[in-house]
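Remarks on the structure that follows.
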């Protein structure tokens, strides 16, 4: 009910003239796709779909894939949903699942980027994840049943990186034209270098990286900073697009600087440098003693704790996921206390 109420409110807002919009970013779409991205963390994808899309649109899961993506038994996962009514595919990738996997992502970023189909260099860990999952994606893209279907890519965290690589390859190899592709990611790290970002943006226009407040992951791996820039000491330095072989963002950032409640203010970051607009989250400085708050922001998008929420089947009554053992015990004690009149 909560999600339906939010959707109704957003549809009402969307019906009003909206002046000054710079992009085709649509918050209603972003909220729906966040549910799909969350669903990749668990096994309740169908429940997430049923709570997200009207029944008459008839979205169904047509593929689920899980593969080892490094030498330490960490996995990369994804699933694909299709609607014959909307003639649309939604290709979804799961985010980082373990601390070890996060560490490996960072270690792989130290090396120069691996060549990605002559588009530029990309993070080697992300590339490995892409390569093990791609066959299942390609199979669906090539299926005559889905010929001409609009294709949407989405994911949170690592899932956003994998979504970007899959979208780029889909366009590069001609499985879909750029105008048939849409991408929304959440807390996506930097995937490749400036050459990759430039080629990505030339092919795919309808692509948005949603960033919540001080989520630190979109600022990793670190870009090369513009050493010629001297400005406010309270801000960082802009990324330098001219430095080769260093991480650099593709697509348009959509930054929510304060909250992600319905109607919250967001910024369409179309300024300079392109892809790393310094008037948006790139201007932030990050401090070690505040790392817990940065991680909290990364896990929470549109007021839900993404991984745990997805495991509930996107149950809006459990935005933080199912209670843990200790919380269950405390809740039962409180219930018993109220029942016997001790409260």
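Numbering (mature numbering (1 follows the signal peptide of the UniProt record, and there is no 0)), first residue to last: -15 to -1, 1 to 328.
From the three backbone atoms N, C-alpha and C, an ideal C-beta is built for every residue, glycine too.
Keep in mind it's a predicted model, so treat the numbers as computed, not measured.
DSSP state of residue 162 mapped onto helix, strand, coil: Taken through DSSP and simplified to helix, strand or coil, residue 162 comes out as coil.
Which of the three DSSP states is assigned to residue 50 in this structure? Note: residue 50 maps to strand in three-state DSSP.
Just to confirm, is the Cβ distance from residue 122 to residue 151 under 7 Å? Going by C-beta atoms, residue 122 is nearer than 7 Å to residue 151.
3-residue-minimum beta strand (DSSP E) runs that sit fully inside the region 178 to 265, ordered along the chain: Runs of the beta strand (DSSP E) lying entirely within the region 178 to 265 and spanning at least 3 residues, in chain order: 192 to 197, 237 to 241 and 252 to 254.
For residue 105 versus residue 184, is the C-beta spacing smaller than 7 Å? Taking 7 Å as the Cβ cut-off, residue 105 and residue 184 qualify as a contacting pair.
Cross-strand partners of residue 329 (DSSP beta bridge): In this structure the chain extends from -15 to 328, so residue 329 is not present and cannot be described.
Residue closest to residue 277, alpha-carbon to alpha-carbon, out of 261, 240 and 201: The shortest Cα separation from residue 277 among 261, 240 and 201 belongs to 201.
For residue 24, does the count of other Cβ atoms within 10 angstroms reach 16, so buried, or fall short, so exposed? Within a 10 Å sphere around the beta-carbon of residue 24 sit 16 or more other beta-carbons, which makes this residue buried.
Determine the burial state of residue 296: buried for a count of at least 16 other Cβ atoms within 10 Å of its Cβ, exposed for fewer. Result: buried.
Check residue 308 in the structure and name its three-state DSSP category. Residue 308: coil per DSSP, three-state reduction.
Could you check if residue 311 is buried or exposed, using at least 16 other CB atoms within 10 Å of its CB as the buried criterion? Residue placement at residue 311 cannot be trusted, given a pLDDT of 43 that sits under 50; the coordinates are not used to answer.
With DSSP as the reference, please indicate the residues paired to residue 100 in a beta bridge. Per DSSP, 106.
If you follow the alpha helix (DSSP H) that residue 28 is in, where does it begin and where does it stop? Per DSSP, residue 28 lies in no alpha helix (DSSP H) and is assigned neither H nor E.
Given that a residue counts as buried once 16 or more other Cβ atoms are within 10 Å of its Cβ, and exposed if not, what is residue 149? Taking all protein chains in view, the Cβ of residue 149 is crowded by 16 or more other Cβ atoms within 10 Å, so the residue is classified as buried.
Residue environment, residue 266, which counts as buried when at least 16 other CB atoms sit within 10 Å: By the neighbour-count criterion, in which a residue is buried when 16 or more other Cβ atoms sit within 10 angstroms of its Cβ, residue 266 is buried.
Secondary structure of residue 5, DSSP reduced to three states: It is coil, neither helix nor strand.
7 Å Cβ cutoff met for residue 141 and residue 110: Contact: no.
Evaluate contact between the region 21 to 40 and the region 201 to 215, counting only Cβ atoms and requiring at least three cross-stretch pairs below 8 Å. Below 8 Å, too few C-beta pairs join the region 21 to 40 and the region 201 to 215 to call them touching: fewer than three.
Through-space distance from residue 212 to residue 10, alpha-carbon basis: One C-alpha to the other measures close to 32 Å.
So, residue 156 versus residue 163, is the Cβ gap smaller than 7 Å? Yes, they are a contact pair.
Can you give me the start and stop residues for the alpha helix (DSSP H) that residue 294 sits inside? Its alpha helix (DSSP H) spans residues 291 to 296.
Quickly, what does DSSP pair residue 45 with across the bridge? List them, please. 67.
Beta-carbon proximity list for residue 5, same chain, < 7 Å, skipping 5 on both sides: Answer for residue 5: no residue qualifies.
Residue from 103, 63 and 45 whose Cα sits closest to the Cα of residue 53: When the alpha-carbon of residue 53 is set against those of 103, 63 and 45, the nearest one is in 63.
Residue 191 burial status per 10 Å Cβ neighbour count (16 or more: buried): Buried, because 16 or more other Cβ atoms sit within 10 Å of the Cβ of residue 191.
Assumed close pair residue 197, residue 235 - CB separation to whole angstroms, cut-off 8 Å: Between residue 235 and residue 197 the Cβ distance is about 19 Å, and since that is not below 8 Å, they are no contact.
Buried or exposed (CB count within 10 angstroms, at least 16 for buried), residue 216: Classification for residue 216: exposed.
Please report the straight-line C-alpha distance between residue 358 and residue 134, rounded to a whole angstrom. Only positions -15 to 328 of the chain appear in the structure, and residue 358 is not among them; the question remains open.
If you check the beta carbons only, do residue 107 and residue 46 fall under 7 Å apart? At the C-beta level, residue 107 and residue 46 stay beyond 7 Å of one another.
Classify residue 218: buried if its beta carbon has 16 or more other beta carbons within 10 angstroms, exposed otherwise. Residue 218 is classed as exposed because its beta carbon has fewer than 16 other beta carbons within 10 Å across all chains shown.
Specify the secondary structure class of residue 33 as computed by DSSP and reduced to three states. Residue state for residue 33 is assigned as helix, using DSSP reduced to three classes.
Taking the continuous alpha helix (DSSP H) assigned at residue 59, which residues delimit it? In the DSSP annotation of this structure, residue 59 is not part of any alpha helix (DSSP H), being labelled neither H nor E.
Just curious, the alpha helix (DSSP H) that residue 282 is in, first and last residue? In the DSSP annotation of this structure, the continuous segment of the alpha helix (DSSP H) that includes residue 282 starts and ends at 276 to 284.
Since residue 252 contacts residue 240 with CB under 8 Å, what's their CB separation in whole angstroms? So it is a contact: roughly 5 Å between Cβ atoms.
Could you tell me the boundaries of the alpha helix (DSSP H) in which residue 147 lies? Element bounds for residue 147: 143 to 157.
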